[in-house]
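Enquirer:
Residue numbers (our numbering): 1140 to 1320.
#1: Leaving out five residues on either side along the sequence, give the residues of the same chain with a beta carbon under 8 Å from the beta carbon of residue 1179.
#2: Which whole-angstrom value is the C-beta distance of residue 1281 and residue 1246, which I expect to be below 8 Å?
#3: For residue 1289, which of helix, strand or coil comes out of DSSP?
#4: Buried or exposed: residue 1193, going by 16 or more other Cβ atoms within 10 Å of its Cβ?
#5: Ordered along the chain, which non-local residues of its own chain (more than five positions away) have a Cβ less than 8 Å from that of residue 1150?
#6: Is residue 1266 helix, strand or coil when you go by DSSP?
#7: Is the distance from the Cβ of residue 1265 to the Cβ of residue 1249 below 9 Å?
#8: Does DSSP classify residue 1173 as helix, strand or coil?
#9: Run through DSSP, which three-state label would residue 1261 get?
#10: Which value, in whole angstroms, describes the spacing of the CA atoms of residue 1167 and residue 1196?
#11: Is the beta carbon of residue 1243 sitting closer than 9 Å to the one on residue 1283?
#12: Just mark residue 1206 as buried or exposed, buried being the case when its beta carbon has 16 or more other beta carbons within 10 Å.
#13: Does the region 1180-1188 come within contact of the region 1207-1216, defined as at least 3 CB pairs closer than 8 Å?
#14: Rounded to the nearest angstrom, what separates residue 1232 and residue 1285 at their Cα positions?
#15: DSSP three-state call for residue 1152: helix, strand or coil?
#16: Taking the alpha-carbon positions, what's the residue 1185 to residue 1143 distance?
#17: Looking at the unbroken alpha helix (DSSP H) that takes in residue 1245, where does it start and where does it end?
Here is the structure:
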């Protein structure tokens, strides 16, 4: 592991918030007495993602506001339905993959019953093996299609590099008090 950071988690969180708010990494580096490269290394990707998602949210809100109230309700309902469908499709794909696994396991058991020396005597076992293998392969169609459609997401999930945990802190301040300088 690398050497410990000179800054606390709270200080890093403050730097991240300020970067997202538009402050320059070089100014923050001077203030916190760390290199600009260290700040950029730690935040460049996450700040870019946060800004991209924020812009997407604003665009979606603007698009939603351009609709009549009735159309807004329809759009929100449709989005909820699409989210539910996506969840159910993923669940069905998971169950289908488990079924395919089980069917292939049963097919494997049938292979053990085949007489290699005289396979014609094992015709029933061969037929059961073929039918179970075909059913298992057919059951994989949905899960494999879903994986293929989401191959970029799957690559990210399967990457060896660990995901750096991020803590999001919301600070509540009393608005009736004068702002500290």
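For each residue, glycine too, the CB sits at the ideal point set by N, CA and C. Quick caveat: nothing in here was measured; it's all calculated off a predicted structure.
Expert: Let's see:
#1: Stepping through the chain shown from its first residue, residue 1179 is reached at position 40. Answer for residue 1179: 1164, listed in chain order.
#2: Walking along the chain shown from the start, residue 1281 turns up at place 142. Walking along the chain shown from the start, residue 1246 turns up at place 107. Not confirmed; about 19 Å, so no contact.
#3: Start at 1 with the first residue of the chain shown, and residue 1289 comes out as number 150. Looking at residue 1289 - three-state DSSP - the assignment turns out to be coil, as it is neither helix nor strand.
#4: The residue labelled residue 1193 in the question sits at position 54 within the chain shown. It counts as exposed.
#5: Your numbering for residue 1150 matches position 11 in the chain shown. Only 1171 meet the Cβ criterion.
#6: Locating residue 1266 in the chain shown gives position 127, where the first residue counts as 1. In the structure shown, residue 1266 adopts helical secondary structure according to DSSP, grouped into three states.
#7: Reading the chain shown from its first residue, position 126 is the one you call residue 1265. Reading the chain shown from its first residue, position 110 is the one you call residue 1249. Cβ atoms of residue 1265 and residue 1249: closer than 9 Å.
#8: Locating residue 1173 in the chain shown gives position 34, counting from the first residue. In this structure, residue 1173 counts as coil in the three-state DSSP scheme.
#9: Here residue 1261 refers to the residue found at position 122 when the chain shown is read from its first residue. Reduced to three states, the DSSP call for residue 1261 is helix.
#10: Residue mapping note: residue 1167 aligns to position 28 of the chain shown, counting from 1. Residue mapping note: residue 1196 aligns to position 57 of the chain shown, counting from 1. Spanning the two alpha carbons is a distance of roughly 27 Å.
#11: Your numbering for residue 1243 matches position 104 in the chain shown. Your numbering for residue 1283 matches position 144 in the chain shown. Residue 1243 is not a Cβ neighbour of residue 1283, given a cutoff of 9 Å.
#12: For the purposes of this step, residue 1206 is taken as the residue at position 67 of the chain shown. So residue 1206 ends up on the exposed side.
#13: Contact between the region 1180-1188 and the region 1207-1216 is absent, because fewer than three Cβ pairs lie under 8 Å.
#14: Locating residue 1232 in the chain shown gives position 93, where the first residue counts as 1. Locating residue 1285 in the chain shown gives position 146, where the first residue counts as 1. Answer to the nearest angstrom: the Cα atoms are 7 Å apart.
#15: Within the chain shown, residue 1152 is the residue found at index 13, counting from 1. Three-state DSSP puts residue 1152 in a helix.
#16: As a first step, residue 1185 is located in the chain shown; it is residue number 46 there, counting from the start. As a first step, residue 1143 is located in the chain shown; it is residue number 4 there, counting from the start. Those two C-alpha atoms are separated by around 21 Å.
#17: In the chain shown, residue 1245 corresponds to position 106, counting from 1. Looking at the DSSP string, the run of the alpha helix (DSSP H) that includes residue 1245 is 1208-1250.
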